[in-house]
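For reference, the structure is listed below as structure tokens.
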Amino acid sequence: MLTATKPQDAAAVLADPDTAEGLRDLAEHLTPLLQGRRLHNVVDLLSATSDFIDMADDQLTQKLAKAFEEVVWAGWSAGNALRSASATAADSEPPTLWQLSRQLNDPEVRRGLFFIIQLLGAVGRQVALEAEIPEDD
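Here it is as structure tokens:
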């Protein structure tokens, strides 16, 4: 394989038949992207990625890693809870209202209800905050 280290060596590399064939093949693959101006999008994406990498310091990387772990944990936890509840509900007869009310004595049920109520409160606060923010026209 030829490599160019000086400007005069670049001419020798371009004169190489394998290099010329590779460039022709590359040009054939790039033609639709160039004609449809889609290559601009690829360049913009690479530029944005490069900018992000330049801005990413250790603290940002740690924050992103923590956020990713929290999202994965939430999905895993919710999936386990749904599978467990689904299996339990599928293996039993539907409870009566009296049986449901007795379930409220279970601390885990009360904890789950409390969690759902807190979640609904947070969603309500978020909706109220978004309603206060004026939209740009």
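Add 1158 to a position in the sequence shown, counting from 1, and you land on the number used in this note's numbering. Where a beta carbon is used, it is the ideal one built from N, C-alpha and C, also for glycine.
Taking SER1242 as the centre and dropping the five residues before and after it, the same chain places no C-beta closer than 8 Å to its C-beta. Rounded to the nearest angstrom, the gap between the Cα atoms of ILE1275 and ILE1291 is 25 Å.
The three-state reading of DSSP puts SER1250 in coil, since its state is none of H, G, I, E or B. Boundaries of the alpha helix (DSSP H) around ALA1206: 1197-1213.
For GLN1261, the CB contacts under 6 Å within the same chain, skipping 5 residues up- and downstream, are VAL1267 in chain order. Beta-carbon to beta-carbon, LEU1188 and LEU1181 are separated by about 10 Å, too far to satisfy the 8 Å threshold. With contacts defined as CB atoms closer than 8 Å, LEU1184 and ALA1178 fail to qualify as a contacting pair.
A direct Cα-Cα distance of roughly 26 Å separates ALA1225 from LEU1271.
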